[in-house]
Amino acid sequence: MDSIYQFCAMKPDGSVVDFNIYQHKVLLIVNTASACGFTPQYRELEELYRLYKDRGLEVLAFPSNDFGNQESLSGDALQHYCRVDQQLSFGVYDRIKVKGPDAHPLYKYLGDKLLNGRVNSKPLWNFHKYLIDREGHVVDYFFSFTKPLSRRLIRKVEKLL
């Protein structure tokens, strides 16, 4: 079983991030969209991040247009929306595919138990969440309707921290 440290992804500014920078951190990875009914979860993701970042939590958002064409933004427009309009300080990556044969390799890994060794849960909609332990392994997932500040999610995060 590999870890998420084998992957890299592009930020909206075009820079590429090697996931080795997240070693020894607890990660919450979320596919997002700016025009979705779940978009208000951005605020809770930011609050969760601010509550636990000093203890080693990183939140990573991966905008995707895969569900209902609810993410038209990319590049500079996406960066402006996330940083200025939503006032997000956690990691936001450029728009990717999270389902199907053209899914980003990270999302193929996250959703397939044969690859990650733990869970078999591909995103069914925007704001599907994956929890990653300090060793880079997938330990749990949460469907879109699970809010970032839900007791269930917070208990799991605290246990890993």
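Every number in my numbering is 2 more than the matching position in the sequence shown, counting from 1. Glycine included, C-beta positions come from ideal geometry on N, C-alpha and C.
Check whether residue i and residue j have beta carbons under 8 Å apart
i      : j      : result
THR34  : PRO14  : no
VAL141 : PRO125 : no
ALA63  : VAL32  : yes
PRO103 : PHE9   : no
SER123 : TYR109 : no
LEU151 : GLU46  : yes
Candidates the options: closest to residue i by CA position
i      : options                       : result
LYS149 : GLU48, VAL19, ASP4            : GLU48
LEU30  : LYS110, PHE9, GLY93, PHE69    : GLY93
LYS158 : LEU53, GLU60, ASP135          : ASP135
VAL86  : GLN25, SER5, TYR44            : TYR44
PRO42  : PHE9, GLY70, LEU90            : LEU90
ASP68  : ASN118, ARG57, TRP127         : TRP127
VAL61  : ARG153, HIS130, GLY77         : HIS130
LEU163 : PHE9, VAL28, VAL19, PHE21     : VAL28
LEU59  : ILE23, GLY77, GLY70           : ILE23
GLN25  : SER146, ILE98, LYS161, HIS139 : HIS139
LEU77  : ILE98, ASN71, GLY70, ARG57    : The residue you asked about is not Leu; residue 77 is Gly in the sequence shown. Here the closest residue by C-alpha is ILE98.
GLY39  : ASN118, LEU116, ASN71         : ASN71
SER5   : ASP56, ASN118, ARG52          : ASN118
GLU160 : VAL19, ARG57, PHE147          : ARG57
ARG154 : LEU50, PHE21, TYR7            : LEU50
Cutoff 8 Å: residue i Cβ touching any chain D Cβ
i     : result
ASP96 : Absent here is chain D; the protein component of the structure consists of one chain.
Backbone secondary structure at residue i - three-state DSSP
i      : result
ALA35  : coil
ASP135 : coil
ALA79  : helix
PHE64  : strand
TYR7   : helix
LYS93  : The residue asked about is misnamed: residue 93 is Gly in this sequence, not Lys. GLY93: strand per DSSP, three-state reduction.
VAL28  : strand
PHE21  : helix
VAL141 : strand
LEU163 : coil
LEU50  : helix
LEU126 : coil
LEU59  : strand
Presumed contact (8 Å Cβ cut-off) between residue i and residue j, rounded CB distance
i      : j     : result
SER164 : GLU73 : Outside the shown range of the chain (3 to 163) lies residue 164, about which nothing can therefore be said.
LEU112 : ASP96 : Contact flag wrong, Cβ pair sits at about 17 Å.
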